[in-house]
Amino acid sequence: MIRRIEQVRERVTRAAHAAGRAPEAVRLLPISKTFPAEAVLEAARAGLDAFGENRVQEAARKIPQVRAADGAELEWHLVGPLQRNKARTAVELFHVIQSVDRIELALALERAAAALGKCQRILLNVNIDEEPQKSGVLPADLTELLARIDALPHLEPLGLMSIPRRRTHAEELRPCFARLRGLQEELNRGRSKARLSELSMGMSADFEVAIQEGATCVRIGTAIFGARRSK
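Residue numbers (this note's numbering): -7 to 223.
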């Protein structure tokens, strides 16, 4: 795993330099879904300090195991869809919830964060390809959703996240990544609240293109942990 992490870091560095950006401006977020706590701890020993999970139920088992085994300082991100009835558990477990896509979920997270005395950091999940079967707020509805979330005192929106549909070649995703960056820029124009600085986009097969288009967080699974384990 150490060699795989080194290879990913090298790819991040090359992509950032090619785009005229500092490699340090891009956070590497390993996605540890289906992998055990031991794999997370191995990656942490190699210097990674934040991890992403897709499902609250799996994370509720894994995160306490990692924290009990000298992983208390790691940061956790939820990157998968979230149901309202799991909002409180998500707020308890995760430092950042990247998958907020509707006001009903935001209100549930607000209530949970208020009850726990926490300001919950979030990203808005954008359905950038406007696929009817996929979660995520549609680009046309993004401004209204953000305005309503801005009124919730226990939620702190940091930026945008998206998972475009797969393409054959990474370069085909460039318009999707560029569109998400454009939405971020549009939202930030004239914004009175804190600037939306985060763009979470790009995965193992395409993150170089995402970095060239402004990604600040790339979500890497198989390139770090190897082939995904079956559930």
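From the three backbone atoms N, C-alpha and C, an ideal C-beta is built for every residue, glycine too.
Bear in mind that the values here come from a model prediction, so they are computed numbers and not experimental data.
**OP:** With Q112 as the anchor, note down where its beta strand (DSSP E) starts and where it stops.
**Re:** Run containing Q112: 112 to 117, per the beta strand (DSSP E) assignment.
**OP:** Name the two residues that bound the continuous beta strand (DSSP E) containing F86.
**Re:** In the DSSP annotation of this structure, F86 is not part of any beta strand (DSSP E), being labelled neither H nor E.
**OP:** Have a look at the DSSP bridge pairing and note the partners of S192.
**Re:** In the DSSP output, where bridge partners are listed per residue, S192 has M153, C209.
**OP:** Pick helix, strand or coil for R3, following the three-state DSSP scheme.
**Re:** If DSSP states are grouped into helix, strand and coil, R3 belongs with the helices.
Subject >> Span of the alpha helix (DSSP H) around L33 >> reply: For L33, the enclosing alpha helix (DSSP H) has its first and last residue at 29 to 37.
Original post:
Would you report the Cα separation of E178 and L172, rounded to the nearest angstrom?
Top reply: Going from the Cα of E178 to the Cα of L172 covers about 10 angstroms.
**OP:** For the segment 160 to 167 and the segment 58 to 68, state whether three or more C-beta atom pairs, one from each stretch, are separated by less than 8 angstroms.
**Re:** Touching, no.
Subject >> Buried or exposed (CB count within 10 angstroms, at least 16 for buried), H9 >> reply: By the neighbour-count definition (other C-beta atoms within 10 Å, threshold 16), H9 is an exposed residue.
Original post:
Can you give the beta carbon distance from N117 to G128, rounded, assuming they're within the 8 angstroms contact cut?
Top reply: Indeed, because the Cβ distance is near 5 angstroms, the residues count as touching under 8 angstroms.
**OP:** Label P22 either buried or exposed according to how many other C-beta atoms from any shown protein chain fall within 10 Å of its C-beta, with 16 as the threshold for buried.
**Re:** Classification for P22: buried.
Subject >> Residues near E34 in its chain [Cβ-Cβ closer than 7 angstroms; skip 5 each side] >> reply: Hits under 7 angstroms: M(-7).
Original post:
Does the distance from the CB of R19 to the CB of C209 come in under 8 angstroms?
Top reply: Yes, the Cβ-Cβ distance between R19 and C209 is below 8 angstroms.
**OP:** Could you give the DSSP three-state label for A52: helix, strand or coil?
**Re:** Residue state for A52 is assigned as helix, using DSSP reduced to three classes.
Subject >> Start-to-end residues for the alpha helix (DSSP H) that takes in A105 >> reply: In the DSSP annotation of this structure, the continuous segment of the alpha helix (DSSP H) that includes A105 starts and ends at 95 to 108.
Subject >> Whole-angstrom C-beta distance between A36 and L66, which should lie under 8 angstroms >> reply: 6 angstroms between Cβ atoms; contact.
Original post:
From V71 to S91, what does the alpha carbon distance come to, in whole angstroms?
Top reply: Each residue's alpha carbon lies about 6 angstroms from the other.
Subject >> Which listed residue (D93, I141, A207) has its alpha carbon closest to that of A17 >> reply: Of the listed residues, the one whose Cα sits closest to A17 is A207.
Subject >> Assigned exposure category for Q(-1) - 16 Cβ within 10 Å defines buried >> reply: The C-beta of Q(-1) has fewer than 16 other C-beta atoms within 10 Å across all chains shown, which makes the residue exposed.
Original post:
Can you tell which of L144, L130, C111 has its C-alpha closest to the C-alpha of M153?
Top reply: Across the set L144, L130, C111, the C-alpha of L130 shows the shortest separation from the C-alpha of M153.
Subject >> Those residues which DSSP pairs with A64 across a bridge >> reply: In DSSP, A64 forms no bridge with anything.
Original post:
When the Cα of A132 is compared with those of P73, E30, R103, N119, which residue comes out closest?
Top reply: Just measuring C-alpha positions, the residue of P73, E30, R103, N119 sitting nearest A132 is N119.
Original post:
Counting along the chain, where does the beta strand (DSSP E) carrying G44 start and finish?
Top reply: Run containing G44: 42 to 45, per the beta strand (DSSP E) assignment.
Original post:
So L147 packs on I114, CB below 8 angstroms; how close in whole Å?
Top reply: Going by Cβ atoms, the distance from L147 to I114 rounds to 6 angstroms, so yes, they are a contact pair.
Original post:
Roughly how many angstroms separate the alpha carbons of R158 and P124, rounded to a whole number?
Top reply: Between R158 and P124, the C-alpha separation is close to 15 angstroms.
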